[in-house]
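Participant: Take a look at the following structure, please.
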Amino acid sequence: MESKNFNWFVTIFVAALTFSALLLLSSSNVGATSSNSQVTASVNVPGTLYTSISPNSVTWTNYAGYSNATSTLINVTDNSGNIAGNIFIWGTATLSNTLYSTSIAIGNVLWNPTSSTTYVGNAVTTSPVNTLIVVAAPTLSSPSKSSPIYLGVKVPAGTENGLYTGSIYFDIENGSTVSQPTTSNVLSVTVNVLPTCYISLSPNSINFGTLATGTTSTTWNGITDTDNGGNVQATINVWGGNWIYSSNTAISFYVANTVWSPTNTGIYSSGTPLTLTPVSTNIIVPAPTQSNPSTSNTVYFEVGVPGGAPVGAYTQNIIIANQC
Amino acid sequence: MKHLPFLFLFLLSFIFSAAYAQLGEQAGPLVFNVTLGGSQTLNYSILNGGSSPINFTVILPTLNTIPNNQTPIVKVYPMNGTLAPHSQQTVHVTVFMPAKDKPGLTWNGGYSAGTSGIVVVEGSPSIASGGGMGAVVYAAVIKGLIIKSAKPPANILLVVGIVLLAAIIVVGSALYYYYRKHATAKAKKELRAKELAELKARARGKARKAVKKKAKAKPKAKAKARRRAR
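Line by line, the protein sequences are chains A and B.
Counted the way the working numbering counts, the first sequence spans residues 119 to 442.
Counted the way the working numbering counts, the second sequence spans residues -13 to 216.
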C-alpha cells in the first residue's frame, strides 16, 4: 500500500522537473532573441589623483650644528590618475629619538623645487603646504606622471648623538580633489647625528707682564675653553714648549716654570708644572645640549722666572686640547 | 666725512671680531685590530664649526711601549691643511704592526700617562713666535687610539694544501707498501713454485731412474729364477 503511494509522488516530481526544465530552456531562447536589440552604455569618469613617492625612506648623517644641502631627490608620482595637481607637503612635528627627550623640529627639514648645493628652501610644517610644484595629468598613452621635490636637513647645535626618526607626507591635490587614500605617500626620515666636540679658546695669549728673576706671577691667568655646538663632553689636555729668549732663541728656560691649575685660588706652587707632552687636566668641558649649546671650562696659568735668566722678553707656546 | 676712515676701521674690526674659529672632531677613540706584519686604516673627521678658516697641523701620537715588542707605526694623512668655514675634513690613520710582535698586545695613545693621541692643532705651534713676554695659546683636538695586535688569519689555501699533501703521502705510502707486499708475495710464490717444480722434476728424475733400474733388474731376476728352476 505504502509502495503504491510513493510511486505516485515520484511521478508527480519528475513531471514538475521536466516542466521546469522546459520553461528554463524556453526563457533562454527568449534572451538570445533579445540580444539582437541595442543597449546604450554610459560611464562617468571623475577627475582622479593618486600619490606615490620614491624613495620611501631617506637617511641623513651629520654633525650637530651642520646641515645637509637641499639636494635629496624625492619623486612624487601620480600613477593612473587623470588630472594635474600640485604637490602638498607636511610632516610629523618632530624627528624624535627614543633614548633622549630631545628631538629635531620638523622645521629643520627644508623642501625646494630645485636641487641646491646648500641648505636653502622652505621649512616643512605640520600642516599641508602647497608647494606649487605641478604634477601633470596622466594620459592613456602616459598613465604615470611625476615631479621632483628636493629635501635637506639641519641638525641643531647641541643635538645629542643618535638616530632621530619621523615622517613626511606628500599629496597631489587639485582644488577640492585630493589623492585617493594610500600609504605609499609617506617618506620615512632618519637623521643620524654623530658625536662631536669643539674647542675655541679665549683669550689666545697670556701676557704675564714683567717679572724679576727668581719671582713668580701673582695672579692666575685663565684661558676659557668653549665647546660651542658639540654634543659630548671633552677632557682638557695641556702641554707646551720651553720659554724662548726673544733676543737669542738658543737661550731658554724650562717649560715647567709655567704651572697650570683648574682653579685660580691657590698660590704658584699649588699649580701643576706644564710638560712638553700632553697631560690630562681632568678638567671637563660639559656636553652641550640643544637648550645649552655652548659649554665651557677654564684652565689657569702662572709662571716663575728662574734666576740667571737674561734680561729681555721670553715667549712660550701652550697647547690646550680637547679630547672626546 | 672726516670720520669715515674711523667708521670703516670700526666696521672692519667688528667683522673680524664676529668671525671665529671653532675646531672640532668626531668623538670616540679609533680602535685598531691589526694582524702581525699587517696594517689597518681607519678614518675620522675634523671639523670647523666657525666662520673663519682654520690652518691645522697634525702631531703624531705617542704610544706606550711594551718590553721586547716593537711599537706599532702610525701614519696620518693629511699632516696639515686648511679647514674652510663650516666644513669637515676626513683624516686617514694607518697603523702598521711589526711582524715579530706578540699577538694579543694592546697599545694606546691618549689613555694612559705619557701617551698622547693624534693631535690636530690650530696653526703651527712648533714655530716659536718671539717679540714679546708671554705665552701664545693654541687650540687643539686629540683623537685617542687603541691598537691591538692580532694573529694573522690562517691561510685556508695553505692549510688545504698541507692536508692534501699529507693525504697524498699517506695514500702513496700505503699503496707502495701494498704493492710491494703483493710483489714480494708473488715473487716468493713464484720462487716456491719454481722450487717445487724443480723438486718435482728431481723427484720425477729419481723415479725414472728407479723405474729404469727396476726395469734392468727384472730380466736379471727372471733369469736368476729360471736358472734356479732349472
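We treat Cβ as the ideally placed atom computed from N, Cα and C, and that holds for glycine.
Given the structure is predicted, the values throughout are model-derived calculations rather than measurements.
Verify the CB distance criterion: does B:GLY67 have a CB-CB separation below 8 angstroms to chain A?
Facilitator: Your numbering for residue 67 of chain B matches position 81 in the second sequence. Cβ-Cβ to chain A under 8 angstroms: no for B:GLY67.
Participant: Quick one: what's got a C-beta closer than 8 angstroms to A:SER144's C-beta in the same chain, skipping five residues either side?
Facilitator: Translated into the one-based positions of the first sequence, residue 144 of chain A becomes position 26. Low local confidence applies: a pLDDT of 46 at A:SER144 is under 50, so the model's placement there is unreliable, with the coordinate-based value given in what follows. Nothing listed; no residue qualifies.
Participant: Using only CA atoms, which one of A:THR308, A:SER320, A:VAL373 lies nearest to A:THR395?
Facilitator: Position 277 of the first sequence, counting from 1, holds the residue named residue 395 of chain A. If we check each option's Cα against that of A:THR395, A:VAL373 comes out closest.
Participant: If we require 4 or more residues per run, which alpha helix (DSSP H) segments fall completely within the stretch 224 to 273 of chain A?
Facilitator: none
Participant: Would you say B:VAL265 reaches chain A, if we count a Cβ-Cβ gap shorter than 8 angstroms as a contact?
Facilitator: Past the edges of chain B, shown from -13 to 216, lies residue 265 of chain B, and the structure says nothing about it.
Participant: Give the secondary structure of B:ALA169 by DSSP, where H, G and I count as helix, E and B as strand, and everything else as coil.
Facilitator: Against the second sequence, residue 169 of chain B aligns to sequence position 183. In the structure shown, B:ALA169 sits in a helix (DSSP, three-state: H, G or I).
Participant: What residues of chain A sit near B:SER25, judged by a beta carbon separation below 8 angstroms?
Facilitator: In the second sequence, the residue the question calls residue 25 of chain B occupies position 39. None at all; the shortest Cβ gap to chain A is about 25 angstroms.
Participant: Short check: CB of A:ALA334 to CB of A:GLY422, under 8 angstroms?
Facilitator: For the purposes of this step, residue 334 of chain A is taken as the residue at position 216 of the first sequence. For the purposes of this step, residue 422 of chain A is taken as the residue at position 304 of the first sequence. For clarity, residue 334 of chain A is Thr in the given sequence; the question names Ala instead. Contact flag set, yes.
Participant: Indicate whether at least one CB of chain A lies closer than 8 angstroms to the CB of B:VAL127.
Facilitator: Here residue 127 of chain B refers to the residue found at position 141 of the second sequence. Yes - at least one Cβ of chain A is within 8 angstroms of the one on B:VAL127.
Participant: Report yes or no: do three or more beta-carbon pairs, one from the stretch 299 to 314 of chain A and one from the stretch 180 to 188 of chain A, lie closer than 8 angstroms?
Facilitator: yes
Participant: By how many angstroms is the C-alpha of B:GLU108 removed from the C-alpha of A:ILE436?
Facilitator: Within the first sequence, residue 436 of chain A is the residue found at index 318, counting from 1. Within the second sequence, residue 108 of chain B is the residue found at index 122, counting from 1. Answer to the nearest angstrom: the Cα atoms are 12 angstroms apart.
Participant: Does any CB atom of chain A fall closer than 8 angstroms to the CB of B:VAL105?
Facilitator: Counted from its first residue, the second sequence places residue 105 of chain B at position 119. It does: the Cβ of B:VAL105 has a partner Cβ on chain A nearer than 8 angstroms.
Participant: Have a look at the DSSP bridge pairing and note the partners of A:LEU319.
Facilitator: Counted from its first residue, the first sequence places residue 319 of chain A at position 201. Per DSSP, A:ASP343.
Participant: Return the Cβ separation of B:LEU33 and B:GLU11 in integer angstroms, given the expectation that the two are a contact with Cβ distance under 8 angstroms.
Facilitator: Position 47 of the second sequence holds residue 33 of chain B. Position 25 of the second sequence holds residue 11 of chain B. With 8 angstroms as the limit, B:LEU33 and B:GLU11 qualify as a contact, their Cβ atoms being about 7 angstroms apart.
Participant: Return helix, strand or coil for B:LYS86, following the three-state DSSP convention.
Facilitator: Counted from its first residue, the second sequence places residue 86 of chain B at position 100. Correct three-state label for B:LYS86: coil.
Participant: Assuming contact is defined by CB atoms lying nearer than 8 angstroms, are A:VAL253 and A:ASP289 in contact in what I supplied?
Facilitator: For the purposes of this step, residue 253 of chain A is taken as residue 135 along the first sequence, with counting starting at 1. For the purposes of this step, residue 289 of chain A is taken as residue 171 along the first sequence, with counting starting at 1. Going by C-beta atoms, A:VAL253 is not nearer than 8 angstroms to A:ASP289.
Participant: Starting from the C-beta of A:SER189, find all residues in its chain whose C-beta is less than 8 angstroms away, skip the five residues before and the five after it, and write them out in chain order.
Facilitator: As a first step, residue 189 of chain A is located in the first sequence; it is residue number 71 there, counting from the start. Within the same chain, A:SER189 has close Cβ partners SER233, SER234, THR235, TYR268, GLY270.
Participant: For a test of the three-state rule: what should DSSP assign to A:GLY199, helix, strand or coil?
Facilitator: Position 81 of the first sequence holds residue 199 of chain A. Three-state DSSP puts A:GLY199 in coil, outside helix and strand.
Participant: Quick check: what's the CA-CA separation for A:VAL247 versus B:ALA125?
Facilitator: Taking the first residue of the first sequence as 1, we reach residue 247 of chain A at position 129. Taking the first residue of the second sequence as 1, we reach residue 125 of chain B at position 139. Those two C-alpha atoms are separated by around 46 angstroms.
Participant: Cα-Cα, which of B:ASN54, B:ALA189, B:LEU143, B:VAL44 is closest to B:SER31?
Facilitator: Counted from its first residue, the second sequence places residue 31 of chain B at position 45. Ranking B:ASN54, B:ALA189, B:LEU143, B:VAL44 by Cα distance to B:SER31 puts B:VAL44 first.
Participant: Count the other CB atoms within 10 Å of the CB of A:ALA439; is the residue buried (16 or more) or exposed (fewer)?
Facilitator: By 1-based counting over the first sequence, the position of residue 439 of chain A is 321. Counting Cβ neighbours within 10 Å, A:ALA439 comes out buried, since at least 16 surround it.
Participant: Tell me the residue span of the beta strand (DSSP E) that contains A:TRP357.
Facilitator: The residue labelled residue 357 of chain A in the question sits at position 239 within the first sequence. Counting along the chain, the unbroken beta strand (DSSP E) around A:TRP357 starts and ends at 352 to 358.
Participant: By the three-class DSSP mapping on this structure, what secondary structure does B:ALA201 have?
Facilitator: Within the second sequence, residue 201 of chain B is the residue found at index 215, counting from 1. In the structure shown, B:ALA201 sits in a helix (DSSP, three-state: H, G or I).
Participant: Quick one: which chain B residues come within Cβ less than 8 angstroms of A:THR408?
Facilitator: Counting from one through the first sequence, the residue named residue 408 of chain A turns up at place 290. In the sequence on display, residue 408 of chain A carries Gln and not Thr. Within 8 angstroms Cβ-Cβ: nothing; A:GLN408 doesn't reach chain B, min ~15 angstroms.
Participant: Once DSSP output is grouped into helix, strand and coil, what is the label at B:VAL62?
Facilitator: Start at 1 with the first residue of the second sequence, and residue 62 of chain B comes out as number 76. In the structure shown, B:VAL62 sits in a strand (DSSP, three-state: E or B).
Participant: Starting from A:ILE171, find everything on chain B with Cβ-Cβ shorter than 9 angstroms and list it in chain order.
Facilitator: Numbered from 1 along the first sequence, position 53 holds the residue referred to as residue 171 of chain A. At a beta-carbon threshold of 9 angstroms, none of the residues of chain B lie near A:ILE171; the nearest stands roughly 30 angstroms away.
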